[in-house]
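Numbering (the working numbering), first residue to last: 22 to 135. Where is the CB? At the ideal position from N, CA and C, for every residue including glycine. What follows is one structure encoded as structure tokens, with my remarks underneath.
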Amino acid sequence: MSSFDGMAYAERQLLALSEMVSDLGGGVAGAAAGHAGVAYATRAAVTDDDYGRAFWRAHGETFETVGELLRFLAGRCLSEGENLGCARAAYQESDAASAVSGSAVSAAVMGGGR
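Given below as structure tokens:
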């Protein structure tokens with residue numbers, strides 16, 4: 022595999038990974054939104070009596086923590102998806118720069134350095 026093939030392969034893999042991580046972030050964001058609705062409905066449903074209020078005091082913090090973690094994970098996935106896209110762009114710029122400098126070197130060698 023030539024260095025060009027390796028660079029192209031790395032770019033394709035970064036693109037695929039970027040898309041997968043961004044898709045994961047979107048899915049987790051959807052789960053976070055769904056969780057928020059469920060947590061709200063659960064709290065509304067169980068706090069009508071003493072048993073329900075005791076349940077919410079015991080488990081409400083867990084509901085809220087899960088929601089916070091889902092929102093955090095969604096944000097990190099979306100951010101990392103963008104970062105991977107930037108890394109791919111850097112690979113493309115590096116590839117373009119090496120192609121230009123490689124052409125200049127070839128021209129100098131073929132032209133006898135004139």
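Whole-angstrom C-beta distance between residue j and residue i, which should lie under 8 angstroms
i: residue 52; j: residue 91; result: 6 angstroms
i: residue 46; j: residue 108; result: About 16 angstroms; that fails the 8 angstroms criterion.
i: residue 84; j: residue 60; result: 4 angstroms
i: residue 2; j: residue 99; result: It is not possible to answer for residue 2, since the shown part of the chain is limited to 22 through 135.
i: residue 112; j: residue 28; result: 6 angstroms
CB contact check: residue i to chain B, cutoff 8 angstroms
i: residue 113; result: This model lacks chain B altogether, as it is built from one protein chain only.
Nearest residue (CA-CA) to residue i, options the options
i: residue 31; options: 85, 110 and 118; result: 110
i: residue 37; options: 68, 105 and 118; result: 105
i: residue 88; options: 44, 34, 40 and 58; result: 58
i: residue 34; options: 102, 80 and 66; result: 102
Practice item. Report the residue ranges of all alpha helix (DSSP H) runs contained in full by the region 39-74; include only those spanning at least 4 residues, in chain order. Key: Runs found: none.
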